[in-house]
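Data block below; observations after.
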Amino acid sequence: MSFTIAIDGPAAAGKGTISRAVAAHFGFAHLDTGLLYRAVGARVLAGADPLAAARALVAEDLEAEGLRAPEVAQAASKVAVLPEVRAALVDFQRAFARRAGGAVLDGRDIGTVICPEAEAKLFVTASAEVRAGRRYLELEAGGAQVSREQVLADVIERDRRDRERAEAPLVAARDAVEIDTSQMDIDSAVAAAIAAVEARMEGKNP
Ligand code: DC
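Heads up, the sequence shown is in the working numbering, so the first residue is 5 and it goes up one at a time.
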């Protein structure tokens, strides 16, 4: 059986937590596609050419240390503007999406560009303030020296770049179910996501 769940949305909306929980619930594999761009961004910060880094990417690179750092997030959003970089990462993502047993992919363009034929599509959002607040707590817990203001400014800058780029901009697919997590705790957000996927599954015989 192949069943693809596409989960898109802006930075720090809760996509990662929701995607992992949805994948665990259905027994599907999960790919955080932001890690692909982060791995390329990290290589570029170390002096590599973006396209060469994207073409040379292997699965183990997604486990590299430091990919969650704020400067790597910004570098990822910058390399993600380049059409050639995006093109170099398409095959890996599509092969993952079609794997037997089902797959959850989260990112910015999964439901629109990578897997427009995905059986279930979610668009997870929250206000910039709520997202920055959550990211701040995460970074603080990890020992990072950052201010709330800086985290909010970073989130807003990354949103703008991700939404305004010409190639595969962040936008909800027309057939995506939107989940705004601003007023939800994580359990309610996960329950809403699972319910939305189950509603789509009813129409498909596995
Ligand atoms: O989801 P994330 O915060 O780890 O993503 C980091 C950056 O990578 C994000 O700001 C834009 C880019 N990205 C993308 O362009 N397309 C995706 N499918 C996933 C991430």
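Note that CB positions come from ideal geometry on N, CA and C, so glycine has one too.
Run the CB neighbour count on residue i, radius 10 Å, all protein chains shown included, and call it buried at 16 or more, exposed below.
i: A197; result: buried
i: A77; result: buried
i: Q293; result: Nothing in the structure corresponds to residue 293, since the chain is present only between 5 and 210.
i: A157; result: exposed
i: A84; result: buried
i: I9; result: buried
i: P54; result: buried
i: P14; result: buried
i: G147; result: exposed
i: A193; result: buried
i: G115; result: buried
i: I159; result: Looking at the sequence itself, residue 159 is Val, so the reference to Ile does not match. Label assigned to V159: buried.
i: R139; result: buried
i: N209; result: Bear in mind that a pLDDT of 48 at N209, under 50, signals an unreliable position, so the number given afterwards is only what the model happens to contain. Its Cβ having fewer than 16 others within 10 Å, N209 is exposed.
Taking 8 Å as the cut-off, does the CB of residue i come closer than this to any heavy atom belonging to the ligand DC?
i: Y140; result: no
i: K19; result: yes
i: T37; result: yes
i: I114; result: yes
i: A172; result: yes
i: D179; result: no
i: L55; result: no
i: L49; result: no
i: S23; result: no
i: I118; result: yes
i: A16; result: yes
i: V81; result: One detail in the question is off: residue 81 reads as Ser in this sequence, not Val. Under cutoff, so the answer is yes.
Could you round the C-beta distance between residue i and residue j to whole angstroms and report it? I think they count as a contact, below 8 Å.
i: A104; j: M5; result: 7 Å
i: D12; j: A176; result: 7 Å
i: A80; j: V44; result: 7 Å
i: A17; j: V128; result: 5 Å
i: E75; j: L49; result: 7 Å
i: A132; j: D163; result: 7 Å
- Message: For a minimum of 4 consecutive residues, which ranges assigned as the alpha helix (DSSP H) are wholly contained in the stretch 81-165?
- Response: The stretch 81-165 contains these whole alpha helix (DSSP H) runs: 87-101 and 132-145.
- Query: If you scan the stretch 30-56 from start to end, which runs of the alpha helix (DSSP H) of 4 or more residues do you find wholly inside it?
  - Reply: Correct list: 38-49.
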